[in-house]
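This is the structure in structure tokens:
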């Protein structure tokens, strides 16, 4: 860490170690505030967002005050981000598709189509409003279906291609999406149930109930330090292979493929090969721990280094795009998804889930579905199998490549 006066501004420069240490402390602050402030817990606001925003607001205050500033060295942000997306890829088992059956396939294809729609719709609205089309992608699937993780990952990519303000637009959109997705999912399901006089009945198919039971049992399983080291080594090897693939794609096709995309798809390939040949015993809890730590610190770093003042000129177009995206998702859920899923109780609950992760994140989807099921006192086993699988993992198989394509195509 160093400090001094540069161009009449007192500047504090935090090196990589200090920046990472500060991010870890802010992450803990975020967890503490979320436990103590009910509204943050209610809307599932991530702890990294809470802690990181506090620091970014301080940086904003210093920016306007004009006499001082803080500079961060976020060198570790990229490897932590790649580690997180690698753990997402490890969860992408195609064998899970068999458990969900026809309903899962329908829902997944719908989600893939929605990701493409959000990007195309966002680009179209951005052009109409006279802003850079890539900002429409940032207010599309990158931040809505992608959540804060996707926003923090793709924002810097867009900015590196010359799209000013992309990261702050993506983060702002993701924050909006968390709140909107948490507020609107439950009411959509209740409206569908009342309007179509849906019979409130549980689907007790053994496939769905067995999956939830297995998930509960896995939750209580522990792991030894050697298991953790083994999973960490696996993640690091996949990251290295992903880096190799990224370099080869750039060399052969002159196409900028973000490192985390290649790592995630290498992880998906490994997972599905491993499901058949059993090369490595996977420890889900250890992988989840790696995922939580890497996401927590990388996202906190992304939030604390936001330049919020870049959002001022984009505020009105961004609000218009986000409102139109919200209306579109609500219409797609209520008048298309509900029908193709069979117009029953499970379909209504799954629509609540779609609004949750289509605008926000998978925790929003689970919270929405839990609220609906608690209200009607009937569990939707099908929804609780399908939504987390699609919203947290499988949607990225199409969602992330489509975002990369849209950014590369419209940035040039």
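Numbering (this note's numbering), first residue to last: 439 to 850.
Where is the CB? At the ideal position from N, CA and C, for every residue including glycine.
ask   = Of all the alpha helix (DSSP H) runs that stay within the bounds of the region 486-529, which reach a length of 4 or more residues?
value = 515-528
request  = Please name the residue, chosen from 828, 804, 840, 845, that lies closest to residue 480 on a Cα-to-Cα basis.
outcome  = 804
request  = For residue 581, I'd like the list of residues in its chain whose CB is within less than 7 Å of its CB, leaving aside the five on either flank, ordered along the chain.
outcome  = 588, 589, 608, 611, 612, 615
query = Does the distance from the C-beta atom of residue 775 to that of residue 555 stay below 8 Å?
reply = no
inquiry  = Whole angstroms are fine: how far does the CA of residue 839 sit from the CA of residue 703?
reply    = 10 Å
query = According to DSSP, is residue 443 helix, strand or coil?
reply = strand
request  = Would you mind sorting residue 834 into buried or exposed? The rule is 16 or more other CB atoms within 10 Å of its CB.
outcome  = buried
task = Pull up the DSSP beta-bridge partners for residue 546, would you.
result = Bridge partners of residue 546: none, in fact.
message = So for residue 735, helix, strand or coil by DSSP?
response = helix
query = Taking C-beta to C-beta, are residue 509 and residue 449 nearer than 8 Å?
reply = yes
key: Limits of the unbroken alpha helix (DSSP H) element including residue 894   = In the structure as shown, the chain begins at 439 and stops at 850. Residue 894 is therefore absent and cannot be evaluated.
ask   = What is the DSSP secondary structure of residue 475, counted as helix, strand or coil?
value = coil
query = Within 10 angstroms of its Cβ, does residue 600 collect 16 or more other Cβ (buried), or is it exposed?
reply = exposed
request  = Evaluate residue 559 with the Cβ neighbour count: other Cβ atoms within 10 Å of its Cβ, from every protein chain shown; 16 or more gives buried, anything less gives exposed.
outcome  = buried
ask   = Can you tell me where the alpha helix (DSSP H) with residue 713 in it begins and where it stops?
value = 697-715
task = Assign residue 637 to one of three DSSP states: helix, strand, or coil.
result = coil
ask   = Three-state secondary structure (DSSP) at residue 532?
value = coil
key: Neighbourhood of residue 440 by C-beta distance below 6 Å, restricted to the same chain and skipping five residues each side   = 451
message = Classify residue 845: buried if its beta carbon has 16 or more other beta carbons within 10 angstroms, exposed otherwise.
response = buried
message = According to DSSP, simplified to helix, strand and coil, what is residue 744?
response = coil
message = Give me, in chain order, the residues of the same chain whose beta-carbon lies closer than 8 Å to that of residue 730; leave out the 5 immediate sequence neighbours on both sides.
response = none
query = Whose C-beta lies closer than 7 Å to the C-beta of residue 626 among residues of the same chain, with five residues either side of it excluded?
reply = 768, 771, 772, 789, 790, 793
message = Whether or not the region 660-671 and the region 721-736 are in contact is what I'm after, with contact meaning three or more pairs of Cβ atoms, one per stretch, closer than 8 Å; do they touch?
response = yes
message = Less than 7 Å between C-beta atoms, sequence neighbours within five positions excluded: which residues of the same chain meet that for residue 713?
response = 531, 533
request  = Return yes when the Cβ of residue 742 is within less than 8 Å of the Cβ of residue 515, no when it is not.
outcome  = no
inquiry  = Tell me the residue span of the alpha helix (DSSP H) that contains residue 806.
reply    = 800-814
query = By the 10 Å Cβ neighbour count, where 16 or more other Cβ atoms means buried, how is residue 732 classified, buried or exposed?
reply = buried
key: Where residue 759 falls: helix, strand or coil (DSSP)   = helix
message = Using 8 Å as the threshold, is the C-beta distance between residue 824 and residue 709 below it?
response = no
key: Beta-carbon proximity check, residue 471 vs residue 488, cutoff 8 Å   = yes
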